[in-house]
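Top line first, the protein sequences correspond to chains A and B. According to my numbering, the first sequence holds residues 1 to 320 in order. According to my numbering, the second sequence holds residues 321 to 640 in order.
There are 2 protein chains.
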Amino acid sequence: MSASEPAGEFGLIAWIRERSKAGGRVALGIGDDCASIRFTPGAEVLVTTDMLMDGRHFLLGEATPEQVGYKSLAVNLSDIAAMAGVPVAAFVAVALPRGSAVEVAQGLHAGMAPLAEAFGVTLAGGDTNAWDGPLVVTVTLLGETTPRGAIRRSGAQPGDAVLVTGSLGGSLLGRHLAPKPRVTEALALAEVASIHALIDISDGLASDLGHILEESGNLGATLDAASIPIHDDAREASRLDGRPALDHALNDGEDFELCLTVAPDEANRLLADPPQGVTLFWVGVIDADADAGLRLRRTDGFISNLRAGGFDHLAGAGES
Amino acid sequence: MSASEPAGEFGLIAWIRERSKAGGRVALGIGDDCASIRFTPGAEVLVTTDMLMDGRHFLLGEATPEQVGYKSLAVNLSDIAAMAGVPVAAFVAVALPRGSAVEVAQGLHAGMAPLAEAFGVTLAGGDTNAWDGPLVVTVTLLGETTPRGAIRRSGAQPGDAVLVTGSLGGSLLGRHLAPKPRVTEALALAEVASIHALIDISDGLASDLGHILEESGNLGATLDAASIPIHDDAREASRLDGRPALDHALNDGEDFELCLTVAPDEANRLLADPPQGVTLFWVGVIDADADAGLRLRRTDGFISNLRAGGFDHLAGAGES
Numbered sequence: 001m002s003a004s005e006p007a008g009e010f011g012l013i014a015w016i017r018e019r020s021k022a023g024g025r026v027a028l029g030i031g032d033d034c035a036s037i038r039f040t041p042g043a044e045v046l047v048t049t050d051m052l053m054d055g056r057h058f059l060l061g062e063a064t065p066e067q068v069g070y071k072s073l074a075v076n077l078s079d080i081a082a083m084a085g086v087p088v089a090a091f092v093a094v095a096l097p098r099g100s101a102v103e104v105a106q107g108l109h110a111g112m113a114p115l116a117e118a119f120g121v122t123l124a125g126g127d128t129n130a131w132d133g134p135l136v137v138t139v140t141l142l143g144e145t146t147p148r149g150a151i152r153r154s155g156a157q158p159g160d161a162v163l164v165t166g167s168l169g170g171s172l173l174g175r176h177l178a179p180k181p182r183v184t185e186a187l188a189l190a191e192v193a194s195i196h197a198l199i200d201i202s203d204g205l206a207s208d209l210g211h212i213l214e215e216s217g218n219l220g221a222t223l224d225a226a227s228i229p230i231h232d233d234a235r236e237a238s239r240l241d242g243r244p245a246l247d248h249a250l251n252d253g254e255d256f257e258l259c260l261t262v263a264p265d266e267a268n269r270l271l272a273d274p275p276q277g278v279t280l281f282w283v284g285v286i287d288a289d290a291d292a293g294l295r296l297r298r299t300d301g302f303i304s305n306l307r308a309g310g311f312d313h314l315a316g317a318g319e320s
Numbered sequence: 321m322s323a324s325e326p327a328g329e330f331g332l333i334a335w336i337r338e339r340s341k342a343g344g345r346v347a348l349g350i351g352d353d354c355a356s357i358r359f360t361p362g363a364e365v366l367v368t369t370d371m372l373m374d375g376r377h378f379l380l381g382e383a384t385p386e387q388v389g390y391k392s393l394a395v396n397l398s399d400i401a402a403m404a405g406v407p408v409a410a411f412v413a414v415a416l417p418r419g420s421a422v423e424v425a426q427g428l429h430a431g432m433a434p435l436a437e438a439f440g441v442t443l444a445g446g447d448t449n450a451w452d453g454p455l456v457v458t459v460t461l462l463g464e465t466t467p468r469g470a471i472r473r474s475g476a477q478p479g480d481a482v483l484v485t486g487s488l489g490g491s492l493l494g495r496h497l498a499p500k501p502r503v504t505e506a507l508a509l510a511e512v513a514s515i516h517a518l519i520d521i522s523d524g525l526a527s528d529l530g531h532i533l534e535e536s537g538n539l540g541a542t543l544d545a546a547s548i549p550i551h552d553d554a555r556e557a558s559r560l561d562g563r564p565a566l567d568h569a570l571n572d573g574e575d576f577e578l579c580l581t582v583a584p585d586e587a588n589r590l591l592a593d594p595p596q597g598v599t600l601f602w603v604g605v606i607d608a609d610a611d612a613g614l615r616l617r618r619t620d621g622f623i624s625n626l627r628a629g630g631f632d633h634l635a636g637a638g639e640s
């Protein structure tokens, strides 16, 4: 440790504090019992929290602390995007591995700070601890609604088109550490279209579209295999493990693209003239007069039921 | 596991969801990408987060999951109290030990829910994971200011009286698992008095009053040994380890009483006629024209410098 590096909790907090600022909507940041934030009058406050654990969501050593810091904020930004909200302030609680606590904390901060800056987010507080266990990072992100309000999972309607904002699958080859949160894309889409339902793809398209169907009153949907945008990583993963690339695209998860449903005429209009910087693929429809659940129209025209292969974080054994 | 118990993450979330409610100011609770909360127009939003780790802040086995759940919410309520704020909604991220994940989650919830109910807090969201590591619980609590605004650490003035709301020391004998957050007391005090500076005693009176002194512009203060309310547990701890009971009262921490500074005439008025249910002890003064830092007037009249023995969460080895 060089002389300029902080020792102990109070030193580290001071170090982070120097690099974090109250200001703007954060009336009071690090250095009191709570942070204090002014939100836009009339806005609802959006809150999301994600805990990432070494050995579960990443492997420290394969992933750098910078990558872990980036990811831990990015996944929360993606949740704010999934409501078409505006992110405002992040709170970071960490359990640092004793012995490398200071280096890991500085790495986490180095990964988080540019992302926070890019999305106008203040790192406004947190809790710093060291222990003999593996690294654990909990980021809680606060955002706010625009005057249009939050877009929920629950508004899908029979006949809706199902759209996604990017190619899917194979993120575990490395992309899962550097997701691009679709905050700007969600706001741009909500500005020009009436989005009925919106979610970010964390568990996999099959599983996350399944959440939309359940929350919208147990609807049914059919995905069109030929229309699913398959990421190059999904093809590479398929070469490595022999599972179809489409299976990777539907079920791998950690894509952090958006999945949305809109009326079919809106879908046509959006695909013809998407907001600047937004990529859209029409991947399926919410069925009218059909059974609940998810189906896949295969390239041979046959329609089969699709079992969501989303990762169950309690039942699963290993990292996701 | 009985048939009525949930299996896996989705089952557990459903189980918690049934026991949590949107409603009131929580427009949208568990079951979407973010929770959505309506705060009182004009209020600032207060945010605090604390991470508790098995082997560090508690020992699972000695402490039950119910106790851990209670404490993890209580320490955050204490931070809201330390701003004289009103708690609103809590978010709970957990890393559960695989194998006992469901029982531990239900225990945590059983410990948290009555406390949340008692303080009008909605359990509005979170993140549930299992792993091979020890239990980690991160609670992020949101509150709001009253029209009086937040009371900070930084407003102490030379000449102020220093008050505390209860007896101190020895909390590690067990009391640290069941702190009583002084939310109501803080609001009652702020209603009737002009509080200059306020903090909750988590690191110990010496250390936490030290924070007030630093944040108020490097002031000095003198505590009166004869006036410090020493908890019976501090006397018991003294019998067990031979350290003076006063030392325990000043430095043990995890008391979660409030420490506040007010003008001396306010202090006289408050002690003569405290708000209902509020206990107050006048323990010292913010010095005028004196060096920065904390001093102790001993019972023999001698004044000595007091080194804060507050626990350093990074340097320390063991639980706090």
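Note that the Cβ used here is the ideal one computed from N, Cα and C, for glycine as well. All figures in this text were calculated on a predicted structure; none of them were measured in a lab.
Thinking C-alpha only, which one of the options is nearest residue i?
i: A/Leu115; options: A/Ile199, A/Gly69, A/Ala288; result: A/Gly69
i: B/Ser491; options: B/Glu586, B/Leu525, B/Glu511; result: B/Leu525
i: A/Ile199; options: A/Asp233, A/Leu209, A/Ala113; result: A/Leu209
i: A/Ala89; options: B/Phe439, B/Thr368, B/Glu382, B/His429; result: B/Thr368
i: A/Glu62; options: A/Leu173, A/Pro179, A/Pro244, A/Lys180; result: A/Leu173
i: B/Leu443; options: B/Gln477, B/Pro454, B/His496, B/Ser392; result: B/Ser392
i: B/Gly453; options: B/Leu380, B/Val512, B/Leu497; result: B/Leu380
i: B/Ala404; options: B/Gln387, B/Trp602, B/Glu577; result: B/Glu577
i: A/Asp160; options: A/Glu266, A/Ser36, A/Pro274; result: A/Glu266
i: B/Ile548; options: B/Val484, B/Ile521, B/Gly562; result: B/Val484
i: A/Glu254; options: A/Glu117, A/Val92, A/Glu103, A/Lys180; result: A/Lys180
i: A/Asn129; options: A/Val104, A/Ala35, A/Ala110; result: A/Val104
i: A/Gly284; options: A/Ala272, A/Cys259, A/Ser36; result: A/Cys259
i: A/Ala81; options: A/Ala110, A/Gly107, A/Leu46; result: A/Leu46
i: B/Cys354; options: B/Phe411, B/Phe378, B/His377; result: B/Phe411
i: A/Arg56; options: B/Val414, B/Glu437, B/His568, B/Gly562; result: B/Val414
i: A/Asp252; options: A/Ser202, A/Arg297, A/His211, A/Gly242; result: A/Ser202
i: B/Ile550; options: B/Ala569, B/Leu507, B/Ser558; result: B/Ala569
i: B/Gly431; options: B/Ala545, B/His531, B/Ala498; result: B/Ala498
i: B/Trp451; options: A/Ser194, A/Leu52, A/Phe281, A/Gly242; result: A/Leu52
Report buried or exposed for residue i, applying the criterion of at least 16 other Cβ atoms within 10 angstroms of its Cβ.
i: B/Thr458; result: buried
i: A/Ser167; result: buried
i: A/Thr299; result: exposed
i: B/Gln596; result: exposed
i: A/Ile303; result: exposed
i: A/Ser207; result: buried
i: A/Thr279; result: exposed
i: B/Ala608; result: exposed
i: B/Arg627; result: exposed
i: A/Asn305; result: exposed
i: B/Gly463; result: buried
i: A/Glu191; result: exposed
i: B/Leu560; result: exposed
i: B/Glu364; result: buried
i: A/Ala271; result: Per the sequence shown, residue 271 of chain A should be read as Leu rather than Ala. Exposed: under 16 other Cβ atoms inside 10 Å.
i: A/Glu66; result: buried
i: B/Leu634; result: Confidence at B/Leu634 is low in this model, with a pLDDT of 40, below 50, so the placement of that residue should be treated as unreliable; the coordinate-derived value is given next. Its Cβ being crowded by 16 or more others within 10 Å, B/Leu634 is buried.
i: A/Gly301; result: exposed
If you measure between the beta carbons of residue i and residue j, is that distance less than 9 angstroms?
i: B/Arg473; j: A/Gly126; result: no
i: B/Asp374; j: B/Pro417; result: yes
i: B/Asp594; j: B/Val503; result: At residue 594 of chain B the sequence reads Pro, which differs from the Asp that was named. Against a cut-off of 9 angstroms, the Cβ pair of B/Val503 and B/Pro594 comes out as no contact.
i: A/His196; j: A/Ala263; result: yes
i: B/Thr360; j: B/Val482; result: no
i: B/Ile606; j: B/Gln477; result: yes
i: A/Gly107; j: A/Thr64; result: yes
i: A/Arg297; j: A/Ala193; result: no
Any residues in the region 357–380 of chain B with a beta carbon nearer than 7 angstroms to a beta carbon of chain A? Which ones, in chain order? Ile357, Arg358, Phe359, Pro361, Glu364, Val365, Leu366, Val367, Thr368, Thr369, Asp370, Met371, Met373, Gly375, Arg376
The region 449–464 of chain B / the region 534–552 of chain B touching (three or more Cβ pairs under 8 angstroms): no
Three Cβ pairs or more, each shorter than 8 angstroms: is that satisfied between the region 539–553 of chain B and the region 605–614 of chain B? yes
Would you list, in chain order, the members of the region 548–582 of chain B that have their beta-carbon closer than 8 angstroms to a beta-carbon of chain A? none
Check whether the region 75–82 of chain A touches the region 462–472 of chain B, counting contact only when three or more Cβ pairs, one atom from each stretch, lie closer than 8 angstroms. no
Residues of the region 445–467 of chain B whose Cβ lies closer than 8 angstroms to any Cβ of chain A, in chain order: Gly445, Gly446, Asp447, Thr448, Asn449, Ala450, Trp451, Asp452, Gly453, Pro454, Val456, Thr458, Thr460, Leu462, Gly463, Thr465
Any residues in the region 589–613 of chain B with a beta carbon nearer than 7 angstroms to a beta carbon of chain A? Which ones, in chain order? none
So if I threshold CB-CB distances at 8 angstroms, which residues from the region 488–500 of chain B count as touching chain A? none
Stretch-stretch touch, CB-based, cutoff 8 angstroms, three pairs: the region 493–507 of chain B with the region 548–564 of chain B: yes
What are the residues in the region 526–545 of chain B lying within 8 angstroms of chain A by C-beta distance? Glu535
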